[in-house]
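Structure record follows, encoded as structure tokens.
Have a look at this one:
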């Protein structure tokens with residue numbers, strides 16, 4: 259006797275129903291088009307890597323979250339926890355096959371065994387875009403401009419980009435004589451949004467002393483304007499450096515860009531991963547900041563040196579698609595669309611089967627996503643099927659329509675019929691509704 263297996267899934271993992279996956283795919287298509295307009299090319303890397311490729315490249319906390327095991331060949335392997343570290347390995351392996359500087363995008367799943375909460379899962383999709391092979395500040399600028407454009411094409415306007423600079427922070431820590439604690443201090447400051455200033459101050463005091471902790475808290479405070487914040491950083495670092503000049507140039511260019519006011523210099527942004535060396539940034543929805551950053555990244559000038567002798571500086575960002583979609587759902591910004599199918603071709607008469615097949619083919623050639631109902635049933639049953647699936651239009655063609663070379667289109671959402679349409683008119687009607 260066969261035993262029934264309970265159809266359950268692991269904590270932190272999810273099935274994706276059509277109404278969710280349809281929206282996800284629509285967002286991904288928009289992002290891919292945007293990345294391509296900015297000159298980025300797609301790549302892919304394996305889900306599984308040798309554990310040595312991944313371990314020690316993020317942070318001690320990240321290492322604890324990696325899914326790691328011995329495979330059937332007794333190799334020590336792990337599942338990628340982000341797309342940046344595998345990309346560094348990819349770049350080192352294919353250095354002679356790709357032009358530098360190289361612009362790539364990669365949209366794929368990653369895995370982390372972390373505590374689950376709203377918008378945070380153990381399996382999730384990242385949308386990465388990076389430029390490697392050049393340390394030009396113009397690449398930093400282009401990544402930030404691409405971040406802004408990516409949210410614009412997704413229809414998200416109320417958003418703020420917070421940026422900082424790990425190198426300048428480290429200069430400050432060196433000046434204060436606590437540069438040896440840089441990693442611990444940066445990771446502590448990175449928790450500011452989760453645990454608050456008082457708890458961060460307490461943890462910093464444990465790492466150093468009360469006086470140094472107070473200086474760090476002063477450093478990470480955001481002032482009234484980007485200019486005043488930058489002036490404070492320069493003062494606390496003991497004067498201008500090449501890195502503060504670079505940051506000042508970037509802020510000037512962002513200020514002159516569209517929506518420049520949405521870019522905020524926030525020294526508390528440090529990013530928890532150890533491989534960042536320069537500018538870092540996080541992105542927050544104005545109406546739901548508590549869900550955390552939905553797009554993060556920065557400059558990593560030394561990561562690829564782990565895998566190759568040649569130094570290949572890079573900068574990039576990553577949109578956390580699952581967290582973003584969870585936020586959009588909470589804000590009621592997810593379109594109520596169960597399917598990407600635009601029209602159901604109703605099947606009324608078996609004697610016209612070839613004509614229905616030809617009609618379906620012609621609509622698809624015209625760019626209309628459609629399906630033919632597989633049985634000759636009464637129209638109300640076919641309409642009910644279309645509505646249950648979320649298909650907005652039904653195309654009706656009986657003996658009279660075939661004889662006259664016309665079709666009837668029913669808008670199922672508005673309960674409105676459009677009769678006597680030519681094929682071209684029907685296509686235009688459906689396409690206009692999709693825009």
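In my numbering, the protein residues as written are 259 to 693. The beta carbon of each residue, even a glycine, is placed where N, CA and C say it ideally should be. Note that the structure is a prediction, hence the values are computed from the model and not measured.
Mind checking who residue i pairs with in its DSSP beta bridge?
{"i": "residue 644", "result": "Paired residue(s): none; residue 644 is not in a bridge."}
{"i": "residue 522", "result": "420"}
{"i": "residue 367", "result": "383"}
{"i": "residue 493", "result": "In DSSP, residue 493 forms no bridge with anything."}
{"i": "residue 558", "result": "572"}
{"i": "residue 360", "result": "390"}
Answer with buried or exposed for residue i, where buried requires no fewer than 16 other C-beta atoms within 10 angstroms of its C-beta.
{"i": "residue 352", "result": "exposed"}
{"i": "residue 609", "result": "exposed"}
{"i": "residue 268", "result": "exposed"}
{"i": "residue 365", "result": "buried"}
{"i": "residue 640", "result": "buried"}
{"i": "residue 658", "result": "exposed"}
{"i": "residue 417", "result": "buried"}
{"i": "residue 393", "result": "buried"}
{"i": "residue 484", "result": "buried"}
{"i": "residue 348", "result": "buried"}
{"i": "residue 585", "result": "buried"}
{"i": "residue 569", "result": "exposed"}
{"i": "residue 581", "result": "buried"}
{"i": "residue 453", "result": "exposed"}
{"i": "residue 411", "result": "exposed"}
Helix, strand or coil for residue i, going by three-state DSSP, please let me know.
{"i": "residue 612", "result": "helix"}
{"i": "residue 477", "result": "helix"}
{"i": "residue 375", "result": "strand"}
{"i": "residue 384", "result": "strand"}
{"i": "residue 242", "result": "Here the chain comprises residues numbered 259 to 693, so residue 242 is not present and cannot be evaluated."}
{"i": "residue 576", "result": "strand"}
{"i": "residue 541", "result": "strand"}
{"i": "residue 469", "result": "helix"}
{"i": "residue 626", "result": "coil"}
{"i": "residue 620", "result": "helix"}
{"i": "residue 301", "result": "coil"}
{"i": "residue 307", "result": "strand"}
{"i": "residue 426", "result": "helix"}
{"i": "residue 436", "result": "coil"}
{"i": "residue 389", "result": "strand"}
{"i": "residue 687", "result": "helix"}
{"i": "residue 313", "result": "coil"}
{"i": "residue 268", "result": "coil"}
{"i": "residue 255", "result": "This structure cannot settle anything about residue 255, because the visible part of the chain is limited to 259 through 693."}
{"i": "residue 260", "result": "coil"}
{"i": "residue 483", "result": "coil"}
{"i": "residue 415", "result": "coil"}
{"i": "residue 516", "result": "coil"}
{"i": "residue 431", "result": "helix"}
{"i": "residue 531", "result": "coil"}
{"i": "residue 564", "result": "helix"}
Which residue marks the beginning of the alpha helix (DSSP H) containing residue i, and which one marks its end?
{"i": "residue 405", "result": "395-411"}
{"i": "residue 318", "result": "318-323"}
{"i": "residue 295", "result": "276-295"}
{"i": "residue 343", "result": "342-351"}
{"i": "residue 444", "result": "440-447"}
{"i": "residue 508", "result": "500-513"}
{"i": "residue 662", "result": "657-662"}
Give the range of the beta strand (DSSP E) segment to which residue i is assigned.
{"i": "residue 669", "result": "665-669"}
{"i": "residue 453", "result": "It is not in any beta strand (DSSP E) - residue 453 instead sits in the alpha helix (DSSP H) that spans 450-465."}
{"i": "residue 652", "result": "651-654"}
{"i": "residue 601", "result": "601-603"}
{"i": "residue 551", "result": "Element bounds for residue 551: n/a, residue is neither H nor E."}
{"i": "residue 583", "result": "Element bounds for residue 583: not the beta strand (DSSP E) but the alpha helix (DSSP H), 579-588."}
{"i": "residue 336", "result": "334-337"}
{"i": "residue 327", "result": "326-328"}
Any beta carbon from chain B within less than 9 angstroms of residue i's own beta carbon?
{"i": "residue 639", "result": "Going by chain labels, chain B is absent from the structure shown, which holds only one protein chain."}
Kindly examine the ligand PLP and report whether one of its heavy atoms sits closer than 8 angstroms to the Cβ of residue i.
{"i": "residue 485", "result": "Questions concerning the ligand PLP fall outside what the structure shown contains, since it holds no ligand whatsoever."}
Contact between the segment 306-322 and the segment 523-531 (3+ Cβ pairs under 8 angstroms): Cβ pair count under 8 angstroms is three or more, so yes.
Touching by the beta-carbon criterion (3+ pairs, under 8 angstroms), the segment 332-343 and the segment 298-309: The way I'd put it, the segment 332-343 does touch the segment 298-309; three or more beta-carbon pairs between them come closer than 8 angstroms.
Is there contact between the segment 487-506 and the segment 419-435, where contact requires at least three CB pairs shorter than 8 angstroms? Per the Cβ contact rule, the segment 487-506 is in contact with the segment 419-435 (3 or more Cβ pairs under 8 angstroms).
So, does the segment 485-499 touch the segment 372-387, judging by three or more C-beta pairs under 8 angstroms? No, they do not touch.
Are the segment 395-412 and the segment 427-439 in contact at 8 angstroms, needing three or more beta carbon pairs? At 8 angstroms Cβ cutoff, the stretches do not touch.
Would you say the segment 354-369 touches the segment 508-526, given that touching needs at least three Cβ pairs under 8 angstroms? Cβ pair count under 8 angstroms is below three, so no.
Inter-stretch contact at 8 angstroms, needing at least 3 Cβ pairs: the segment 591-610 / the segment 279-291: Short answer: they touch.
Report yes or no: do the segment 462-471 and the segment 533-547 share at least 3 C-beta pairs separated by less than 8 angstroms? At 8 angstroms Cβ cutoff, the stretches do not touch.
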